[in-house]
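Those protein sequences? They're chains A and B, same order as listed.
Quick note on our numbering: the first sequence kicks off at 2 and runs consecutively.
Quick note on our numbering: the second sequence kicks off at 467 and runs consecutively.
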Amino acid sequence: MIKINNLQARVEDKEILKGINLEINPGEIHAIMGPNGSGKSTLSSVIAGREDYEVTGGSIDFEGEDLMDLDPEERAHKGIFLSFQYPVEIPGVTVSNFIKTAINESRKGRGEEPMEAREMLAKMREKTALLEMDKSYLSRSLNEGFSGGEKKRNEIFQMAMLEPKLAILDETDSGLDIDALRIVAGGVNKLRTADNAVVVITHYQRLLDYIKPDFVHVLFNGRIVKSGGPELAHELEEKGYDWIKAENA
Amino acid sequence: MSDEILDEITASDYKYGFTTDIESDTVPPGLNEDVIRLISEKKNEPQWMLDWRLDAYKTWLAMVEPEWPNVTYSKPDFQAVSYYSAPKQKKELESLDEVDPELLRTFERLGISLDEQKRLSGVAMDVVVDSVSVATTFKKTLAEKGIIFCSMSEAIQEHSELVRKHLGTVIPKRDNFYAALNSAVFTDGSFCYIPKGVRCPMELSTYFRINEANTGQFERTLVIADEGSYVSYLEGCTAPSRDENQLHAAVVELVALDNAEIKYSTVQNWYPGDAEGKGGVFNFVTKRGICERNAKISWTQVETGSAVTWKYPSCILKGDNSIGEFYSVAVTNNYQQADTGTKMIHLGKNTKSTIISKGISAGKSHNSYRGLVRVGARAENARNFSQCDSLLMGDQCGAHTFPYIEAQHPTAQIEHEATTSKIGEDQIFYCNQRGIGTEEAIALIVNGYCKDVLNQLPMEFAVEAQKLLEVSLEGSVG
């Protein structure tokens, strides 16, 4: 599905990604772990196409297409979704209006007709129920006055509505209490199919108890320094990142 | 977001820049008593009206142009303006079929098909093209309820006593420089009277349009809601592209008698000048309403046009328990300048006012909110709530807020909230990531920001206003 090859990127003069190699296939769940400042969020931003980051080398291939040629919205139309670590507030724009616009703009981008109002409504009902959200969510201004947990849940709600091929969850667990974590993770698991893939970016093992990864990668100092199965996450939990730091010093 | 994108977004061309080819009957430029006599004569006015105009003219001669607004422009040469221009129409028109086809095409290009409007929305319109009403519709339905909705010229002929009784009572001739000028030379406008206890069954609507090169437009509108009546009045306008500055100095007076309610909504989209700040309409308007006991006046405006705007729709809350409201969205782009806001004058007991102002500045424009809340010595338990928000796009524009508060009664409760924000790169990227392109994203964010005001507009007008906001800020984002 996505093939990242020797990806290098920087912000202003600071080199952050120093050659990332990663391949993800449909149906897989990958976890990317690593200490603060290792480049985890940069990697997700670069995949999503944020302009602040300058890609200085390497490539990202998504279903046979070079992502570098595409605007962020075009990448979204292709099925790339990023659950933000810090979702922004958009006052006066309701959750339902926002998601309706997002879905129909994506459909337009793919040359499809807008979704019928009835279908949209039914889908919103279904997905709010899936994430145990009250329907009143839909008529609230996007993220305005939302608690940390509500914001994250709203991200997963949008993911459920948009049905992306590749979902990148950037520290979706931060700011969630244990109940919210269970609901959000449960939602992600239910959305899993053989055709889509999920990348979970996290500091901690905690989220991975709920969303079981097939592969775990450790990002350190702009490079993936270790890859393995789920057991790697447990090892990290036990030993901490100092172990990685020492090895790569 | 890079400056480049912002430049593109804010560099949208004025979509309605064209002129129609209609023969006009125009008075040569210049202003003196003879010109005023000529206007009055052409309009076949009674003597009292001419005397009123001449008195206003004398007052005006002694006045100086105000310099306190936060705007800079080269002052118009009042002797270079032509004060009267009427499309040549042979007779009164009964239906749209009789209207000059060229004129109808103009409306179509603006997306204002009279036919459509009439048929679909049930809106009666008094269309003003260069000062003379060309078509008046739905008169009969209104007449059955005793509602008078006609051009000011007609009202002066047919309802002379009503006009004479109320004209200039809310905005006196000497109120300000431009109101005095308007009083002297106004050529037409709309007149509306709702009888006691009548609820006007439809939205009354007027489309203004400046059509003649170098013709000043001096509209005069008077709306009287008699005791216990209700009316919703809509005013919207677009104007063709011009190189020279065009002067527009309208006066709108609202009279809400005991227990009456007037809702006055405006969408203003006059030519704002080009991207270099050349041309554009000068919009120096005086709008004010007076509320008697338990009466309510609500002003809603969406201002996107004009090179320079100077406008403060106000309420005099004279009667006890009366209510004044002001909801405003003002957009400035390129080199536009707007100094707009309201005055809420609390005179009666238990009077209430609400002010919601949303300014949006883009390009190199300047957008000022100027508002006065005054609580008089007898206005026990007066309350006001004001919210003034500014949204900035890019880093070359300016937003300013000038709130004035004067409270002369110890029970007064006055609240003022203000915020300034920027459309953030983060917000745009968030929308992009969800598949929403930058232009759409800005439209979405701006519409959300203005929601509290747009919600106040009648449904069909709200849709038009939303489109207008998008057009005003859109560009060719690649």
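We put the beta carbon where it would ideally sit given N, CA and C, even for glycine.
Residue state for B:Phe643 is assigned as helix, using DSSP reduced to three classes.
Shortest Cα-Cα distance from A:Leu83 to any of A:Asn222, A:Ile169 and A:Gly241 involves A:Ile169. Residue-level contact check: B:Leu858 does not touch chain A, since none of the beta carbons of chain A fall below 9 Å from its beta carbon. Counting every other CB atom within 10 Å of its CB across the protein chains shown gives B:Tyr730 a total of 16 or more, marking it as buried. For B:Asp918, the nearest CB of chain A lies under 9 Å from its own CB, placing it at the interface with that chain. For B:Asp641 against B:Thr808, the beta-carbon gap comes to about 15 Å, at or over 8 Å, which does not count as contact. By the rule that beta-carbons nearer than 9 Å mark a contact, A:Ala77 touches chain B.
Interface annotation, A:Gln206: not in contact with chain B, CB-CB separation never under 9 Å.
For B:Ala884, the enclosing beta strand (DSSP E) has its first and last residue at Gln879 to Lys888. Here DSSP, grouped into helix, strand and coil, assigns A:Pro92 to strand. Neighbours of B:Gln893 across chain A, judged by C-beta separation under 9 Å: Val89, Glu90 and Ile91. A contact is defined here as three or more CB-CB pairs under 8 Å, and the region 684-701 of chain B meets this definition with respect to the region 658-673 of chain B. Within chain A, no residue has its beta carbon less than 7 Å from that of B:Tyr550; the closest one is some 44 Å off. In summary, B:Leu527 is exposed, with fewer than 16 beta-carbon neighbours lying within 10 Å of its beta-carbon over all protein chains present. No Cβ of chain A is located within less than 9 Å of the beta carbon of B:Gly825. For the pair A:Thr95 and A:Glu117, the Cα-to-Cα distance works out to about 18 Å.
Counting along the chain, the unbroken alpha helix (DSSP H) around B:Val629 starts and ends at Ser626 to His632. Per DSSP, A:Ser45 lies in no beta strand (DSSP E) segment; the continuous alpha helix (DSSP H) that holds it begins and ends at Lys41 to Ala49. Per DSSP, the continuous alpha helix (DSSP H) segment holding A:His78 begins and ends at Pro73 to Lys79. Counting other Cβ atoms within 10 Å of its Cβ, A:Ile33 reaches 16 or more and is therefore classed as buried. Rounded to the nearest whole angstrom, the C-alpha separation of B:Val795 and B:Pro924 is 15 Å. Per DSSP, A:Val217 is one residue of the beta strand (DSSP E) stretching across Phe216 to Phe221. Of all residues in the region 155-179 of chain A, those with a C-beta nearer than 8 Å to a C-beta of chain B are Gln159 and Leu163, reading in chain order. Within chain B, no C-beta atom comes nearer than 7 Å to that of A:Leu71; the closest sits roughly 11 Å away. Taken in chain order, the members of the region 103-116 of chain A whose beta-carbon sits within less than 7 Å of a beta-carbon on chain B are Ala103, Glu106, Ser107 and Gly110. Per DSSP, reduced to three states, the secondary structure at B:Tyr523 is helical. With a 10 Å radius around the Cβ and a threshold of 16 neighbouring Cβ atoms, A:Gly112 comes out exposed. A check of alpha carbon separations from A:Pro231 across A:Ile179, A:Gly223 and A:Val219 identifies A:Val219 as the nearest. Sequence-distant Cβ neighbours of A:Ser39 in its own chain, meaning closer than 8 Å and more than five residues away, are Leu220, Phe221, Asn222 and Gly223. With contacts defined as CB atoms closer than 9 Å, B:Tyr896 and A:Val89 qualify as a contacting pair. Under the 9 Å criterion on CB atoms, B:Thr904 is classed as interfacial with respect to chain A. Here B:Glu533 is exposed: its Cβ has fewer than 16 other Cβ atoms, across all protein chains shown, within 10 Å. Between A:Leu143 and B:Gly914, the C-beta spacing is below 9 Å.
Note that the C-beta distance between B:Ile871 and B:Arg754 is not below 9 Å.
Taking a C-beta distance under 9 Å as the contact criterion, B:Leu783 and B:Ile811 qualify as a contact pair. Residue-level contact by beta carbon fails for B:Gln932 and chain A, as no gap is shorter than 9 Å.
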